[in-house]
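A.B. asks: What follows is a structure written as structure tokens; I'll ask about it next.
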Amino acid sequence: FSRQSALCNRDEYGSGQENITSPKQLGKCSTPLPQQNRPAMKSIDKLPEKTQSFNDKRIWTKRETRAFLKTYISRKREFRKIGKKKFAMQNVLQDLQRKGVLSQHTTVDMLSTKLKNLGRAYKQAIENSRRTNTPVIAPFGSLMEEIYKDDSITCNNHAISKKQQNSVKKSQTAENIKDKPLYEKEIFSDKRIWTNEETEAFLHVYISRKEEFRNVRKKKFAMQNVLSDLESQGVLSQTTTVDMLSTKFRNLVKAYRISIGNTKRKAAVPCIAPFTDLMDEIFSNNARISKSPNNRTSLNKIRQTYCRVAAGSEERHSQDKQIFSDKRFWTIGETEAFLCAYISRKDEFLHVHKKKFAMQNVLLDLESQGVLRQPTTVHMLKTKLKNLARTYKQSVDNKVRDSDSGSGPCADLMEEVFGGNPFASNEHIIYLCGQPLSNTSIVSEEES
Numbered sequence: 001f002s003r004q005s006a007l008c009n010r011d012e013y014g015s016g017q018e019n020i021t022s023p024k025q026l027g028k029c030s031t032p033l034p035q036q037n038r039p040a041m042k043s044i045d046k047l048p049e050k051t052q053s054f055n056d057k058r059i060w061t062k063r064e065t066r067a068f069l070k071t072y073i074s075r076k077r078e079f080r081k082i083g084k085k086k087f088a089m090q091n092v093l094q095d096l097q098r099k100g101v102l103s104q105h106t107t108v109d110m111l112s113t114k115l116k117n118l119g120r121a122y123k124q125a126i127e128n129s130r131r132t133n134t135p136v137i138a139p140f141g142s143l144m145e146e147i148y149k150d151d152s153i154t155c156n157n158h159a160i161s162k163k164q165q166n167s168v169k170k171s172q173t174a175e176n177i178k179d180k181p182l183y184e185k186e187i188f189s190d191k192r193i194w195t196n197e198e199t200e201a202f203l204h205v206y207i208s209r210k211e212e213f214r215n216v217r218k219k220k221f222a223m224q225n226v227l228s229d230l231e232s233q234g235v236l237s238q239t240t241t242v243d244m245l246s247t248k249f250r251n252l253v254k255a256y257r258i259s260i261g262n263t264k265r266k267a268a269v270p271c272i273a274p275f276t277d278l279m280d281e282i283f284s285n286n287a288r289i290s291k292s293p294n295n296r297t298s299l300n301k302i303r304q305t306y307c308r309v310a311a312g313s314e315e316r317h318s319q320d321k322q323i324f325s326d327k328r329f330w331t332i333g334e335t336e337a338f339l340c341a342y343i344s345r346k347d348e349f350l351h352v353h354k355k356k357f358a359m360q361n362v363l364l365d366l367e368s369q370g371v372l373r374q375p376t377t378v379h380m381l382k383t384k385l386k387n388l389a390r391t392y393k394q395s396v397d398n399k400v401r402d403s404d405s406g407s408g409p410c411a412d413l414m415e416e417v418f419g420g421n422p423f424a425s426n427e428h429i430i431y432l433c434g435q436p437l438s439n440t441s442i443v444s445e446e447e448s
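Note that the UniProt record's numbering has the sequence shown beginning at 1, numbered continuously upward.
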């Protein structure tokens, strides 16, 4: 030491002996003080079997838990999206409240706590099965497996092997048997079983709101409006959500594409057979169906085939399919009344100042007569007149006027409207279409 140390060598009684002035004297120190006995520290970590990892004060029944897990699975994708996961659990709570399953007051925090407890119990059961090499025994094992099947579950940094996953599948066989027909019922994972009446009503309401799905501002709430219409009609026999409607529509679209693309595979999709006409009406002016590589049937060819139908046959087949996509179905009596009202106001369509409100006056005349059986607008009248004009013009140009067209109930009226003065009839078409009939293509109700 360069300087004297103040360390003092002590004996067993704690009294000092002499000052230590060099490093050699450190080895001459007597026995040090005995170590004091410290009390053992209490274990803070408790076994997960004795207490829950999170404080869940709510008492859950099996029915509530099963309904909660199924609703969570139906909205599982929302929890992975950045923009939707913030309100995903709130949507789950609203679905449960709408179903009327909850017997107690429940909040979003209670749902999150319950899910954490079930997840911890499920992972602990998998860890125990790994240690003891036994099947996994966990509450609601099949539903928890459905929740975690896409996620890599790890327990103490040990990945689950395929043998353990098979043991999970073998457990809870009763619940698996109940859930199996629900998962395999549709092409997509649609757990709801639809009847033909419900599907037909859904497609009719979808057709009535078809324009909303194409509107940028309205398409966000279009399917919600469809659901509201179905609920107001009282058609739905089961609890239905917007996601179920979207899934059902995707299933119908896929089956419809398969049936159109390959006629040999129509037997593989018998569910679409009763609704082919409705699906044709939905996609009559939609180019998405042509994306199928096996789609050899062009909609233009179908329309050109129907363009050769004369006036009488057009009215006779109006309940099955219109020549152009006119959403309103016209009867023979309504068509005759419309042509008569049009003839009575034919001069107004050629007048410079009156032609703007001429079709509106025709509609008022029909409403005053009480002939119209369905809600009708000026837009529908213009579309109907263009259908009749094109049918008449096509039959005259191609000289394919058969016996039905010559003796049809509306043939004389159409001859008076379009055949009396070609220049005048062409003026009517220019007024309605914006260009002569011979240069126009097939026009739907949305394009007019």
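For glycine and all other residues, C-beta sits at the position ideal for the given N, C-alpha and C.
Tell me which residues share the same chain as R66 and place their Cβ nearer than 8 angstroms to its Cβ, disregarding the 5 neighbours each side in the sequence.
C.D. replies: F140, L143
A.B. asks: Does the Cβ-Cβ distance between E78 and L102 come in under 9 angstroms?
C.D. replies: Result no, Cβ atoms of E78 and L102 do not sit closer than 9 angstroms.
A.B. asks: In whole angstroms, give me the CA-to-CA distance for C307 and V396.
C.D. replies: Any reading at C307 must be qualified, since the residue scores a pLDDT of 40, below 50, and its modelled position is unreliable; the value itself is stated next. Distance between the alpha carbons of C307 and V396 is about 12 angstroms.
A.B. asks: Shortest alpha-carbon distance to L388 belongs to which of G370, E367, L413?
C.D. replies: When only C-alpha atoms are compared, the closest one is L413.
A.B. asks: Measuring alpha carbon to alpha carbon, tell me which of V417, R214, E281 ends up nearest F338.
C.D. replies: V417
A.B. asks: How big is the Cα-Cα spacing for Q374 and Q360?
C.D. replies: 16 angstroms
A.B. asks: In this structure, does DSSP put Q238 in helix, strand or coil?
C.D. replies: Here DSSP, grouped into helix, strand and coil, assigns Q238 to coil.
A.B. asks: What would DSSP say about G379, mapped onto helix, strand or coil?
C.D. replies: According to the sequence shown, residue 379 is His rather than Gly. Per DSSP, reduced to three states, the secondary structure at H379 is helical.
A.B. asks: Just the C-alpha distance for T331 and F249, rounded to the nearest angstrom, thanks.
C.D. replies: 30 angstroms
A.B. asks: So is F202 buried or exposed if we call it buried at 16+ other beta carbons inside 10 Å?
C.D. replies: Residue burial is scored here from C-beta neighbours: F202 has at least 16 other C-beta atoms within 10 angstroms and is therefore classed as buried.
A.B. asks: Report the three-state DSSP secondary structure of L227 (helix, strand or coil).
C.D. replies: helix
A.B. asks: With 16 as the cutoff for other CB atoms within 10 Å, does T240 come out buried or exposed?
C.D. replies: buried
A.B. asks: Count the other CB atoms, across all protein chains shown, that sit within 10 Å of the CB of D347; report buried if there are 16 or more and exposed otherwise.
C.D. replies: exposed
A.B. asks: With N215 as the anchor, note down where its alpha helix (DSSP H) starts and where it stops.
C.D. replies: Careful: N215 lies outside any alpha helix (DSSP H) and carries neither H nor E.
A.B. asks: Does the separation of the CB atoms of M279 and L252 fall below 9 angstroms?
C.D. replies: yes
A.B. asks: Can you give me the start and stop residues for the alpha helix (DSSP H) that residue 526 sits inside?
C.D. replies: The structure shown has nothing for residue 526, since the chain only spans 1 to 448.
A.B. asks: Run through DSSP, which three-state label would Q97 get?
C.D. replies: helix
A.B. asks: Check whether the Cβ atoms of G333 and V371 lie closer than 9 angstroms to each other.
C.D. replies: yes
A.B. asks: If you compare alpha carbons, which of H353, R120, K384 is closest to E145?
C.D. replies: Looking at the Cα atoms, R120 is the closest of the given residues.
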